[in-house]
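K.L.:
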Amino acid sequence: MLKSFLSLFLLAFIIGAKAPDANAQVTNEFTLNFAVDDHRPTTESLVQLQKFLNEYSVDDDLSIRIYGHTDTNGDAAYNDELSWRRCTTVKDEILAIGFPENAISTVAYGEHKPAQNDHSPAAHRTNRRVEVHVEKHTFNTTEELTAALSPDEVQQFSIDADEPAKITSGNGIIFDIPENAFVDAAGRPYKGEVIMEVEDALDPIKFISSNLSTLNHQGEMLESGGMFRIEATDPDGNPLQLSASSSIGVDVPVRNALDGMSVFTSGDGSNWTNTSRPVDLNQPPVYPPKPTYPGEAVFVHPPVPKIPEAPRKPAIPYRPVNPEKQEITQVNDLNIERYLRAMEVFKRDSASYPDRIDQYRQDSLKWAAEKHEMLETYHKVTVPAAHEEWKKTFIDPDRAYQLEMTRWRAKCELISIEHYGSLLDNDYMDARMLGTYALRVSSLGWCNIDRLMRYGNNERIDVLVQADDPNAQLWLVLNDYPSMFNMGAHKGVAEQSNFPYVPAEAIALTVKDGEVMFGHAPLTRDGKVTIETRPSSLEEIRDYLSQFRTGALQASR
33 MLKSFLSLFL LAFIIGAKAP DANAQVTNEF TLNFAVDDHR PTTESLVQLQ
83 KFLNEYSVDD DLSIRIYGHT DTNGDAAYND ELSWRRCTTV KDEILAIGFP
133 ENAISTVAYG EHKPAQNDHS PAAHRTNRRV EVHVEKHTFN TTEELTAALS
183 PDEVQQFSID ADEPAKITSG NGIIFDIPEN AFVDAAGRPY KGEVIMEVED
233 ALDPIKFISS NLSTLNHQGE MLESGGMFRI EATDPDGNPL QLSASSSIGV
283 DVPVRNALDG MSVFTSGDGS NWTNTSRPVD LNQPPVYPPK PTYPGEAVFV
333 HPPVPKIPEA PRKPAIPYRP VNPEKQEITQ VNDLNIERYL RAMEVFKRDS
383 ASYPDRIDQY RQDSLKWAAE KHEMLETYHK VTVPAAHEEW KKTFIDPDRA
433 YQLEMTRWRA KCELISIEHY GSLLDNDYMD ARMLGTYALR VSSLGWCNID
483 RLMRYGNNER IDVLVQADDP NAQLWLVLND YPSMFNMGAH KGVAEQSNFP
533 YVPAEAIALT VKDGEVMFGH APLTRDGKVT IETRPSSLEE IRDYLSQFRT
583 GALQASR
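If you're matching positions, the sequence shown starts at 33 in my numbering and goes up one per residue.
1. Cutting at 6 Å between CB atoms, please list the residues of its own chain near L456, excluding the five before and the five after it.
2. Considering only residues of the same chain and omitting the five flanking positions on each side of F580, which have a CB-CB separation below 6 Å?
3. Are the CB atoms of I227 and L476 nearer to each other than 8 Å?
4. Just how far apart, CA to CA, sit E76 and A526?
5. Where H101 and Q505 are concerned, what is the direct C-alpha to C-alpha distance, given to the nearest angstrom?
6. With 16 as the cutoff for other CB atoms within 10 Å, does L254 come out buried or exposed?
7. What is the DSSP secondary structure of K381, counted as helix, strand or coil?
8. Restricting to Cα atoms, I'd like to know which of N288, E167, S115, V68 is closest to L313.
9. Classify I389: buried if its beta carbon has 16 or more other beta carbons within 10 angstroms, exposed otherwise.
10. Relative to the C-alpha of E547, which candidate in A470, L274, L435, T173 has its C-alpha closest?
11. Please classify H71 as buried or exposed, where buried requires at least 16 neighbouring CB atoms within 10 angstroms.
12. P95 bridges to which residues according to DSSP?
13. For the putative contact between L64 and R157, defined by C-beta atoms under 8 Å, what is the C-beta separation to the nearest angstrom?
14. With H, G and I counted as helix, E and B as strand and the rest as coil, what does DSSP make of F84?
15. On the DSSP bridge assignment, give the partners of K560 in chain order.
16. How many Å lie between M259 and S578 at the Cα?
17. Nearest-angstrom Cα distance between N203 and H419?
18. Rounded to the nearest angstrom, how far is the Cβ of H169 from that of D93, given a contact under 8 Å?
19. Just the C-alpha distance for S159 and L496, rounded to the nearest angstrom, thanks.
20. Which two residues bound the contiguous beta strand (DSSP E) that contains H552?
21. If you reduce the DSSP assignment to three classes, tell me which class E491 lands in.
22. Enumerate in chain order the residues of its own chain whose CB-to-CB distance from A127 is below 8 Å, with the five nearest sequence positions on each side excluded.
23. Starting from the Cα of S568, find the closest Cα among D194, M375, L177, T104 and give me that residue.
24. Taking P236 as part of the alpha helix (DSSP H), name the residues at either end of that continuous run.
25. Anyone know if the C-beta pair for A140 and F214 falls short of 8 Å?
26. Which residues in the same chain have their Cβ closer than 7 Å to the Cβ of G142, if we skip the five residues on either side of it in sequence?
27. What do you get for M485, buried or exposed, if any count of 16 or more other CB atoms within 10 angstroms of its CB means buried?
28. Could you tell me the distance, in whole angstroms, from the CA atom of R373 to the CA atom of Y392?
29. So, using beta-carbon positions, are S279 and S529 closer together than 8 Å?
30. Taking the C-alpha atoms as reference points, what is the distance between V122 and Q80?
31. Is it buried or exposed for E408, if we count other Cβ within 10 angstroms and need 16 for buried?
32. Do you know how far the Cα of G130 is from the Cα of G559?
33. Measure from the alpha carbon of D501 to the alpha carbon of each residue in T562, P416, G299, then state which is nearest.
34. Let me know if S245 comes out buried or exposed under the rule of 16 or more other beta-carbons within 10 Å of its beta-carbon.
35. At which residues does the beta strand (DSSP E) containing P532 begin and terminate?
36. Note down, in chain order, each residue of its chain lying with its Cβ closer than 7 Å to the Cβ of L570, except the 5 sequence neighbours on either side.
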């Protein structure tokens, strides 16, 4: 479904989609192949997968990502489900080896990310696949650890300054860039190639990895609907700016929308300044429900009516056998009696045989005529009637549904939802359920969709957070608000004065002897929190952070 929309992105050619991780982690990849319409990998693929995973220990700190794909044959919705079943099968194989479940993530692409774009049989064989990406984590510093929490941090796009362009971030933020929008450092209009650098932050994992906070320049807490950074340079790396008369339209996907949001800007992503420019909310169009089919849970063609059986063809009468030709070895009264009875039967059957042969010929002609008539009725009447009934029950409702889907997609284009295929890549939610925050930015750098946190007359406390490791970095994440901030730390201690008492968690991260150390503790009413860190893994930290409501796409708790 989404592949037809992706053609709109041709104006923005991606020249580099992933910045190298700070700790230079190496990701190894393996591909499993599948037969047509089958979620079970080939035996050879499973053997090779076992050899591939033998390079790792189940005790290693790993991230195992499983990406499922199909060819383009069949219905797109069915292919989405088939790719998910392929992911699940491969995941079960990896779990059976002993790797922990929290280290494994799955994403079902369906037919939307083919390895080969043509429709040849060879391309279909290549596209029926599951890709397994394994990354082993080792760290030297806390900075390397936090940077590795959220890969794919920075994207680069090449666009033509003389043409309008749309570019899409990894989490589905759409940037609508007008033509002739850039000037150089001297304020002169810029023509030619522009290198756009984009970074987005829609969840607490990315907030930590990019050292972001939701505080304004006065130290007040903000409720964030998502942050993003956009920069522009010429091919030589010289910075460009937006002209005074230009602005970039931005659509940010949102599931839990907040009212009264404004655009905030920041130089470093920490202390934000309100521009007082409001943010609009575009609601998604209603997704049309699939039709229900009488007596059927799924779309199934009914069986073709059974061909009627003609009357049984009459058997050819047997020719009587003369008992005189039978050898008689014993002569007695019993045998003579049997012989005489057999002779009577033979004479009677012989006399009636010609008549019975004539009747057989007549019955055969009648049988052939009846068979021809029944077959003709079956093919001309019975089968067409069954097809019409099937069409009325299944085809017509499905055609109406496809028409509604066409109208729905047209509505989606108005708010750019069709571009949110990348959300599926990140295992968020179906893009058809999303709305968007719509805004315009007139300057490059970090932007934040925010409003002042509405916590009423909460009691104010002084917060003191202390970790058991002097090298730990500390964060405070609010449980019930989309808000968090980096507390900084000096020898494992951080303070925050005049903080509203709300449910929150203090988080500590550090690296000790190359091992990830992680801890958290709830904020107490006296504001004093002590955190004990323990050995952990990247996936465990990600799982913990994903429960919080911070960010535009996170679900309410």
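All C-beta atoms, glycine included, are put in the ideal place defined by N, C-alpha and C.
P.N.:
A quick look at the data gives this:
1. Indexing the sequence shown from 1 puts residue 456 at position 424. Low local confidence applies: a pLDDT of 39 at L456 is under 50, so the model's placement there is unreliable, and no value is given.
2. As a working note, residue 580 is residue 548 in the sequence shown. Excluding sequence neighbours, F580 sits near P236, V509.
3. The residue you call residue 227 lines up with position 195 of the sequence shown. The residue you call residue 476 lines up with position 444 of the sequence shown. It is not a contact, given that the beta carbons lie outside the stated cut-off.
4. As a position in the sequence shown, residue 76 is number 44, starting the count at 1. As a position in the sequence shown, residue 526 is number 494, starting the count at 1. Roughly 55 Å between the two C-alpha positions.
5. On the sequence shown, residue 101 is found 69 positions in, with the first residue counted as 1. On the sequence shown, residue 505 is found 473 positions in, with the first residue counted as 1. Whole-angstrom Cα-Cα distance: 39 Å.
6. Here residue 254 refers to the residue found at position 222 of the sequence shown. By the 10 Å Cβ count, L254 comes out buried.
7. On the sequence shown, residue 381 is found 349 positions in, with the first residue counted as 1. Correcting the residue type first, residue 381 is Asp in the shown sequence and not Lys. D381 falls in the helix class under three-state DSSP.
8. Taking the first residue of the sequence shown as 1, we reach residue 313 at position 281. Comparing Cα positions, the closest option is N288.
9. Position 357 of the sequence shown holds residue 389. It counts as exposed.
10. Indexing the sequence shown from 1 puts residue 547 at position 515. Minimum Cα distance to E547 is reached at T173.
11. In the sequence shown, counting from the first residue as 1, residue 71 sits at position 39. Result: buried.
12. Start at 1 with the first residue of the sequence shown, and residue 95 comes out as number 63. Residue 95 is actually Ser in this sequence, not Pro. DSSP, once it has assigned bridges, lists E167 as partnering S95.
13. Taking the first residue of the sequence shown as 1, we reach residue 64 at position 32. Taking the first residue of the sequence shown as 1, we reach residue 157 at position 125. In fact, because the Cβ distance is near 13 Å, the residues do not count as touching under 8 Å.
14. Walking along the sequence shown from the start, residue 84 turns up at place 52. In the structure shown, F84 sits in a helix (DSSP, three-state: H, G or I).
15. Residue numbering aside, residue 560 sits at position 528 when the sequence shown is read from its first letter. According to DSSP, K560 bridges with L496.
16. Here residue 259 corresponds to residue number 227 of the sequence shown, with the count starting at 1. Here residue 578 corresponds to residue number 546 of the sequence shown, with the count starting at 1. Cα-Cα distance, rounded: 17 Å.
17. Taking the first residue of the sequence shown as position 1, residue 203 is located at position 171. Taking the first residue of the sequence shown as position 1, residue 419 is located at position 387. Going by the C-alpha atoms only, they are around 46 Å apart.
18. Against the sequence shown, residue 169 aligns to sequence position 137. Against the sequence shown, residue 93 aligns to sequence position 61. Rounded, the Cβ-Cβ distance is 4 Å, consistent with contact.
19. Residue 159 sits at position 127 when you count from the first residue of the sequence shown. Residue 496 sits at position 464 when you count from the first residue of the sequence shown. Just to set this straight, residue 159 is Asn in the shown sequence, not Ser. Cα to Cα, the separation comes out at about 54 Å.
20. Position 520 of the sequence shown, counted from the first residue, corresponds to residue 552. First-last of the beta strand (DSSP E) with H552: 547-554.
21. As a first step, residue 491 is located in the sequence shown; it is residue number 459 there, counting from the start. In the structure shown, E491 sits in coil (DSSP, three-state: anything other than H, G, I, E or B).
22. Locating residue 127 in the sequence shown gives position 95, counting from the first residue. The sequence shown places Leu at residue 127, not Ala. Excluding sequence neighbours, L127 sits near E133, I136.
23. Reading the sequence shown from its first residue, position 536 is the one you call residue 568. Selected option, being the one with the closest Cα: L177.
24. Taking the sequence shown and counting its residues from 1, the one referred to as residue 236 is at position 204. 236-241 is the span of the alpha helix (DSSP H), which, as asked, contains P236.
25. As a first step, residue 140 is located in the sequence shown; it is residue number 108 there, counting from the start. As a first step, residue 214 is located in the sequence shown; it is residue number 182 there, counting from the start. Their beta carbons are not under 8 Å apart, which means A140 does not touch F214 by this criterion.
26. Against the sequence shown, residue 142 aligns to sequence position 110. Contacts found: T102, A108, N111, D112, S115.
27. Residue numbering aside, residue 485 sits at position 453 when the sequence shown is read from its first letter. Classification of M485: buried, given that the 10 Å Cβ count is 16 or more.
28. As a first step, residue 373 must be located in the sequence shown, where it is residue number 341. As a first step, residue 392 must be located in the sequence shown, where it is residue number 360. If I take the Cα positions, the gap works out to 27 Å.
29. Here residue 279 refers to the residue found at position 247 when the sequence shown is read from its first residue. Here residue 529 refers to the residue found at position 497 when the sequence shown is read from its first residue. Not in contact: S279 and S529 (Cβ atoms no closer than 8 Å).
30. Here the question's residue 122 lines up with position 90 in the sequence shown. Here the question's residue 80 lines up with position 48 in the sequence shown. In this structure, the alpha-carbon of V122 lies about 12 Å from that of Q80.
31. Looking up residue 408 in the sequence shown gives position 376. The residue in question, E408, is exposed, as its Cβ has fewer than 16 Cβ neighbours within 10 Å.
32. Working through the sequence shown from its first residue, we reach residue 559 at position 527. Working through the sequence shown from its first residue, we reach residue 130 at position 98. So the two alpha carbons sit approximately 42 Å from each other.
33. Against the sequence shown, residue 501 aligns to sequence position 469. Of the candidates T562, P416, G299, the one whose C-alpha sits nearest the C-alpha of D501 is T562.
34. Position 213 of the sequence shown, counted from the start, is the residue given in the question as residue 245. Label assigned to S245: buried.
35. Reading the sequence shown from its first residue, position 500 is the one you call residue 532. Here the beta strand (DSSP E) through P532 covers 525-532.
36. As a first step, residue 570 is located in the sequence shown; it is residue number 538 there, counting from the start. If we look at L570 and ignore the five residues flanking it on each side, its Cβ neighbours are D93, S95, H169, A180, L181, V548.
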